[in-house]
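Engineer: Each protein sequence line maps, in turn, to chains L and Y. Using our numbering, you'd call the opening residue of the first sequence number 68 and step up by one each time. Using our numbering, you'd call the opening residue of the second sequence number 373 and step up by one each time. Using N, Cα and C, we set each Cβ at its ideal position, and we do this for glycine too.
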Amino acid sequence: MSAVIRRGLGVILVLLGVMLLIFVVLRIIPGDPASVLLNEHASEDSIRRLTESMGLDKPLPVQFLDYLKNALRGDLGQSYYMRKPVLSLILTAFPYTLKLTALSASFAWIFGILAGVVSAVYHDRLPDHLFRGISLLGISVPVFMVALFLQYLMYFRLSLLPLMYDGSFVSMILPAAALGWNSAGSVARLTRSGLMEQLDSPYLDTARAKGLSTKKAILFHGLRNAILPVITLMALQLSGMLSGAVITESVFGISGLGKLALTAVQTRDMPLLQGTVLFTALVISVGNIIADVTNTLLDPRLRTKS
Amino acid sequence: MNKDLLLEIKDLTVSVKRKKEAVPVVRGVDIDIPRGGIVGLVGESGCGKSMTAKSVNRILPPFAETTGGSILWHDSPGETTDLLKLKEKEIRKKCGTEIAMVFQEPMTSLNPMMRVGDQIREVLKIHKIEKDPAVSKERVVKMLGAVGIPQPELRYNSWPHELSGGMRQRVMIAMAMICSPKLLIADEATTAVDVTIEAQILDLIRDMCHASHMSALVITHNMGVVSAICDHVYVMYLGSIVEKAPVRELFTNPLHPYTRGLLSSIPRIGNNPEYLETIPGNIPVVRKPFSGCDFCMRCSDDVRKCFMESPEMREAGNDHYVRCHTALTGPDPGESKGTE
Ligand SMILES: Nc1ncnc2c1ncn2[C@@H]1O[C@H](COP(=O)(O)OP(=O)(O)OP(=O)(O)O)[C@@H](O)[C@H]1O
Ligand SMILES: [Mg+2]
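1. Indicate the three-state DSSP secondary structure (helix, strand or coil) for Leu432/Y in the structure shown.
2. Pairs of beta-carbons, one from the stretch 381-388 of chain Y and one from the stretch 437-453 of chain Y, closer than 8 Å: are there three or more?
3. Which residues in the same chain have their Cβ closer than 6 Å to the Cβ of Ser672/Y, if we skip the five residues on either side of it in sequence?
4. Report the rounded CA-to-CA distance for Thr347/L versus Gly354/L, giving the unit in angstroms.
5. Going by other Cβ atoms of all chains shown within 10 Å of its Cβ, with 16 needed for buried, is Lys514/Y buried or exposed?
6. If you count every other CB in all the chains shown that lies within 10 Å of the CB of Arg399/Y, and 16 or more means buried, which is it?
7. Within the present structure, is the beta-carbon of Gln476/Y separated from the nearest heavy atom of ligand 2 by less than 7 Å?
8. Just to confirm, is the Cβ distance from Ile356/L to Arg74/L under 8 Å?
9. For the stretch 238-268 of chain L, list every residue whose C-beta sits within 7 Å of some C-beta in chain Y, in sequence order.
10. Run through chain Y and tell me which residues come within less than 8 Å of Thr334/L, C-beta to C-beta.
11. How about Val428/Y: is its C-beta nearer than 8 Å to some C-beta of chain L?
12. In this structure, does DSSP put Arg686/Y in helix, strand or coil?
13. If we count Cβ pairs, one from each stretch, closer than 8 Å, do we get three or more for the stretch 207-214 of chain L versus the stretch 139-149 of chain L?
14. Of all the CB atoms in chain Y, is at least one closer than 8 Å to the CB of Ser373/L?
15. CA-CA distance, Leu295/L and Asp366/L?
16. By how many angstroms is the C-alpha of Gly261/L removed from the C-alpha of Pro229/L?
17. Straight-line CA distance for Ile201/L to Tyr222/L?
18. Is DSSP giving Pro645/Y helix, strand or coil here?
19. Answer yes or no: does any C-beta atom of chain L fall closer than 8 Å to that of Lys391/Y?
20. Please list the partners that Arg527/Y has in chain L, where partner means a Cβ-to-Cβ separation under 9 Å.
21. Between Arg259/L and the rest of its own chain, which residues show a CB-CB distance below 7 Å, the 5 nearest in sequence each way excluded?
22. In chain Y, what lies closer than 8 Å to Arg368/L by C-beta?
23. State yes or no: is the C-beta of Gly418/Y nearer than 7 Å to some heavy atom of ligand 1?
24. Distance check for His190/L and Val71/L, CA to CA, integer angstroms please.
25. Please give the ranges of any alpha helix (DSSP H) in the stretch 553-596 of chain Y, keeping only runs that are unbroken, at least 4 residues long and fully inside the region.
26. Taking Tyr270/L as the query, report the chain Y residues whose CB atoms sit under 7 Å from its CB, ordered along the chain.
27. Cβ atoms of Val519/Y and Ala558/Y: under 8 Å apart, would you say?
28. If we cut at 8 Å on Cβ distances, does Ala588/Y have a partner in chain L?
29. Tell me whether Lys422/Y counts as near ligand 2, meaning its Cβ is closer than 7 Å to at least one heavy atom of that ligand.
30. Can you list, in chain order, the residues of its chain whose CB lies under 7 Å from that of Val401/Y, leaving out five sequence neighbours each side?
31. Rounded to the nearest angstrom, how far is the Cβ of Asp404/Y from that of Leu377/Y, given a contact under 8 Å?
32. Taking Met149/L as the reference, give the member of Thr334/L, Met231/L, Thr363/L and Gln341/L with the closest Cα.
33. Can you list, in chain order, the residues of its chain whose CB lies under 6 Å from that of Phe90/L, leaving out five sequence neighbours each side?
34. Find the residues of chain Y that neighbour Leu279/L, judging by a C-beta separation of less than 9 Å, and give them in chain order.
35. Output yes or no for whether 8 Å exceeds the beta carbon distance between Ala358/L and Leu340/L.
36. Determine, using beta carbons only, whether Asn355/L comes closer than 8 Å to chain Y.
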């Protein structure tokens, strides 16, 4: 119980820190939002009035406390640029990002674990070399390169899949594959090395003495023991995927959270940027808690301790 | 000679790959296991006991392989299969049902991520012996009770780390016994537990053998274990059998100097407790073919022949065999190096 409370407090601290950081950074960088919003011919007077109406004339600590107070009430402010409540903008965009992340995570994890298992079972033989080559590529090539390559191959060359996102499931496949590529590579590598570590464990001898073939022993017994660190990695990857979504969503024209954040940066839309960063931090914290909890749930040794 | 044998290991050779070179670690081993008999295999660490055992149910590690000999399994007198010639599928079918094994390390031989009851039940699942989960669970609980685990229903759901070493070894024995195998291989099953638990577990193994006419191959480096449960003993040194005899015969009349060394290194209460006999010298590494006796470097009998010629297995009467030039005749004074 106390562990849950401790984790909850941790999340709150992290979110406060993120808010403070983004707040300070956005005020340090040059450029006055009011003059960005109005065009360059705007009068001194109208700029001053706008600044006042946005509360930007108050001292910084007061501004921060105001922001905190409103955020607690679920009000993340108005987007300067789109003139809509930030929260509703985020909530409209998030489902797209969620779909993209979920799909690319399932792609990455299923493919990654399969490749890792095959690699370990056939270690130092052809399938292993093949999959290790692919996962090395997966890890070392950046997301946008993968995205462009996949577009080139699947649309321009083979015309199998649509170029841009159009709301259909099929059009989500390419972005998901592009975004999941890196993660698949590292999941495959960690699964392989984890399994390899288990390969000379005595309990695998026991499993074979019971009548399981070597492959089944690895699959049914070894994998159980190798998978825990992989699960931790996968939870951490969720945050990587959220930041990768910024690029993927732009390349494939998906109006998700990443694209929203990008727009916010391009238009110096402070409330929107603050909102998206805060929301992403929240999602990542929740992801980490889930990783912790699943690890405790899955590992009987940790379970008895707590 | 016309004993009813269950298993006959004949001229078994196992090699391990080391730097692309095959080094034999088991060299021409013969072991007979009678139906219902308990056979001991003793020898110091690294002499090849586990490799011999793992050749029987074919679970040798990837770097080791059987390179010669045969392991004959007599289903009934007259019905014989060579386990080394069976296909992988066929040998796996025998494992867990007819041939079972208990390992040295109860701490690591159970899967830490699986409830102990489920690990035992898995044997029934693998061999499709009991489909109904309720029935198979009941059978496992009964078995847990039979190996002396208190509150077996409760223990079914325990995780390995929640049990003591002795309890885990009992779980391993329950797992081995669940299909009433014909042969139990216990590879240093009591090395990792303390003496009182050791005695209990040995009793358990012996009782189970007697109750179901099961045979056992008991591997150990402890002569005390041998005297406690074995009928017949094989002494292994550096990959080959150097002496074999019925247990009483071996203890009263040990012939090979290595066996004598093993016997005098058993601690006995009240018997010169400050001084524990050891065998001088180190365990030699298996080298390329050496023509002399493997034990000559550590032997107190200093005979030239021992350095020149590898001894054959010779009969000493009373079903007692020994591989030694001097054991039966005594060192020939004319040949001793001391009289140059
Ligand atoms: N992992 C390994 N790599 C290379 N050689 C090995 C390995 N394990 C064992 N061997 C070789 O096989 C020989 C026999 O090993 P084995 O495990 O059968 O010995 P053992 O008699 O069971 O010893 P212990 O009492 O320590 O279990 C060893 O002397 C060693 O040279
Ligand atoms: Mg061993």
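Structural biologist: So, from the listed chains and residues:
1. coil
2. yes
3. none
4. 10 Å
5. exposed
6. buried
7. yes
8. yes
9. Asp267 and Ser268
10. Those do not exist, as Thr334/L stays about 51 Å from chain Y at its closest Cβ, beyond 8 Å.
11. no
12. strand
13. no
14. Reliability fails at Ser373/L, whose pLDDT of 47 lies under 50, so the model's placement of it is uncertain and no value is given.
15. 8 Å
16. 37 Å
17. 21 Å
18. Legend: pLDDT at Pro645/Y = 46, less than 50; position of this residue unreliable, value from coordinates given subsequently. Reduced to three states, the DSSP call for Pro645/Y is coil.
19. no
20. Here the premise fails: no neighbours, minimum Cβ distance about 14 Å.
21. Gly183, Ser186 and Ala187
22. Pro484, Trp531 and His533
23. yes
24. 41 Å
25. 567-584
26. Thr480, Ser481, Leu482 and Asn483
27. no
28. no
29. For clarity, residue 422/Y is Ser in the given sequence; the question names Lys instead. Yes, the beta carbon of Ser422/Y sits closer than 7 Å to at least one heavy atom of ligand 2.
30. Ile381, Leu384, Thr424, Ser612 and Ile613
31. 5 Å
32. Thr334/L
33. Phe131
34. Arg464, Cys467, Gly468, Glu494 and Ile498
35. no
36. no
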